[in-house]
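Student:
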Amino acid sequence: MIIKWIRNLPTFLNLPVCDQLILLEESWSELFLLWAIQYSIPLDDGGPIFHHTVLHRQNEDEKSIHDIFYIFKQLKLDPIEFACLKTIVLFRFDIRTLMEVKTIETIQDQAQITLAQFIRIHNPTQPTRFGRLLLTLPLIRSIPSIFVEKTYFSRIIGKISMSKLLADMLKN
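Following the UniProt record's numbering, the numbering of the sequence shown begins with 1 at its first residue and continues without gaps.
#1: Applying the 10 Å Cβ sphere with the 16-neighbour rule, what's the burial state of Lys164?
#2: Select from Arg92, Thr125, Glu100 and Glu62 the residue whose C-alpha is nearest the C-alpha of Gln112.
#3: In angstroms with no decimal places, state the Cα-to-Cα distance between Pro10 and Ile3.
#4: If you pair each beta-carbon of the segment 135-146 with each one of the segment 116-126, do three or more pairs fall below 8 Å?
#5: If the criterion is Cβ atoms closer than 8 Å, does the pair residue 250 and Glu105 meet it?
#6: Over what stretch of residues does the alpha helix (DSSP H) that includes residue 174 continue unbroken?
#7: Can you look up Ser64 in the DSSP assignment and give me helix, strand or coil?
#8: Since Glu60 and Leu115 should fall inside the 8 Å C-beta cutoff, what is the C-beta to C-beta distance between them, to a whole number of angstroms?
#9: With DSSP collapsed to three states, give me the class of Ser161.
#10: Under the rule that 16 or more other beta-carbon atoms within 10 Å means buried, what is Gln171, buried or exposed?
#11: Mind reading off the beta-carbon distance from Phe69 to Val148? Whole number of angstroms is fine, and I expect it under 8 Å.
#12: Grouping DSSP H, G and I as helix and E and B as strand, with all else coil, what is His52?
#13: Relative to the C-alpha of residue 173, which residue among Ala167, Ile157, Ile143 and Leu21 is closest?
#14: Under a Cβ-count criterion, where at least 16 other Cβ atoms within 10 Å of its own Cβ denotes burial, should Tyr39 be classed as buried or exposed?
Structure, rendered in structure tokens:
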């Protein structure tokens with residue numbers, strides 16, 4: 001679903017392939033969590049999530065995901081708000097190795113402007129909604145991608161890296 005969405009973004013496809021791969025690698029787990037939240041995809045509760053990680057950390061990450069799901073459920077996001085947040089997450093211009101930093105920054109700025117305008121029109125009684133939505137993004141970013149990979153994908157992809165798998169899918 002991430003690859004399908006990305007392939008429908010002309011602004012993404014117009015970037016150099018190396019920037020596309022970097023952006024995807026840096027954001028895939030956050031994008032997936034936004035999709036999981038939007039479509040209420042549950043955590044995989046079966047079996048040990050990590051065999052090499054301290055159980056305490058696993059429980060913290062699991063609790064954080066549940067807390068994030070709860071926060072988003074309370075906010076009742078519209079599909080357009082989710083799309084804007086996904087765009088903001090994907091087009092991170094703070095990555096040093098990017099070639100088209102200015103272009104990526106402009107795209108992210110436009111996504112923020114679109115989100116703010118949408119909220120102003122559709123939620124005029126919630127003047128702090130824009131800020132609240134942006135403040136959810138660091139919460140999502142705080143979940144380690146390896147946790148997302150093990151929780152949602154380990155049974156499907158085994159020991160293959162999700163970043164590598166997505167990069168291969170994007171290239172093909």
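By construction, the Cβ of each residue, glycine as well, lies at the ideal position given by its N, Cα and C atoms. The model shown is predicted, which means the values in this text are computed figures rather than measured ones.
Tutor: Short version:
#1: For this step, residue 164 is matched to residue 164 along the sequence shown. The residue is exposed, with fewer than 16 neighbouring Cβ atoms inside 10 Å.
#2: The count along the sequence shown starts at 1 and reaches residue 112 at position 112. Taking the Cα of Gln112 as reference, the smallest distance to any Cα among Arg92, Thr125, Glu100 and Glu62 is reached at Arg92.
#3: Sequence index remark: in the sequence shown, residue 10 carries index 10 (1-based). Sequence index remark: in the sequence shown, residue 3 carries index 3 (1-based). Approximately 13 Å between the Cα atoms of the pair.
#4: Taking 8 Å as the limit for Cβ pairs, the verdict is that the segment 116-126 does not touch the segment 135-146.
#5: The structure shown does not extend to residue 250, since the chain spans only 1 to 172, so no value can be given for it.
#6: Outside the shown range of the chain, which is 1 to 172, sits residue 174, and nothing can be said about it.
#7: Along the sequence shown, one-based indexing puts residue 64 at 64. Reduced to three states, the DSSP call for Ser64 is helix.
#8: For the purposes of this step, residue 60 is identified with residue 60 of the sequence shown, where counting begins at 1. For the purposes of this step, residue 115 is identified with residue 115 of the sequence shown, where counting begins at 1. Not really, about 29 Å apart at Cβ, beyond 8 Å.
#9: Counting from one through the sequence shown, the residue named residue 161 turns up at place 161. DSSP places Ser161 in coil when its eight states are reduced to three.
#10: For the purposes of this step, residue 171 is identified with residue 171 of the sequence shown, where counting begins at 1. The sequence shown places Lys at residue 171, rather than the Gln named in the question. Lys171 comes out exposed.
#11: Looking up residue 69 in the sequence shown gives position 69. Looking up residue 148 in the sequence shown gives position 148. Between the beta-carbon of Phe69 and that of Val148 there is about 13 Å, and that puts the pair past the 8 Å contact cut.
#12: Along the sequence shown, read from residue 1 onward, the residue named residue 52 stands at position 52. Residue placement at His52 cannot be trusted, given a pLDDT of 38 that sits under 50; what the coordinates show is reported in the next sentence. In this structure, His52 counts as coil in the three-state DSSP scheme.
#13: This structure gives no information on residue 173, because the portion of the chain shown stretches from 1 to 172.
#14: Here residue 39 refers to the residue found at position 39 when the sequence shown is read from its first residue. Flag for Tyr39 reads exposed.
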